[in-house]
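Numbering (this note's numbering), first residue to last: 9 to 82. Yeah, the Cβ is synthetic: ideal placement off N, Cα and C, and Gly gets one too. Have a look at the structure below, then the notes.
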């Protein structure tokens, strides 16, 4: 099975005030984390669907997980 193309990371990572992250080391970490997250999500989704889980149910579950994330600043 060929792997689905992953969406590229943002061209600009924005801080909470809207300004761009400018530190190259931080941008590298963000990009690496984004790529890893996409790969894990894709693999998890594909495994679930191949096992027999309904695609829409799995998409919904993944969105619920993302929505439940809490800020580490709280």
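The segment 33-40 makes contact with the segment 16-25; the number of CB pairs closer than 8 angstroms reaches 3 or more. Judged by beta-carbon spacing, residue 71 lies beyond the 8 angstroms limit of residue 57, meaning their Cβ atoms are not closer than that value. Between residue 29 and residue 64, the alpha-carbon positions lie close to 34 angstroms from each other. Counting only residues of its own chain and dropping the five nearest sequence neighbours on each side, residue 49 has a CB closer than 8 angstroms to the CB of 70.
Our two residues, residue 61 and residue 51, have alpha carbons roughly 13 angstroms apart in a direct line. Residue range 63-76 is occupied by the alpha helix (DSSP H) that includes residue 76.
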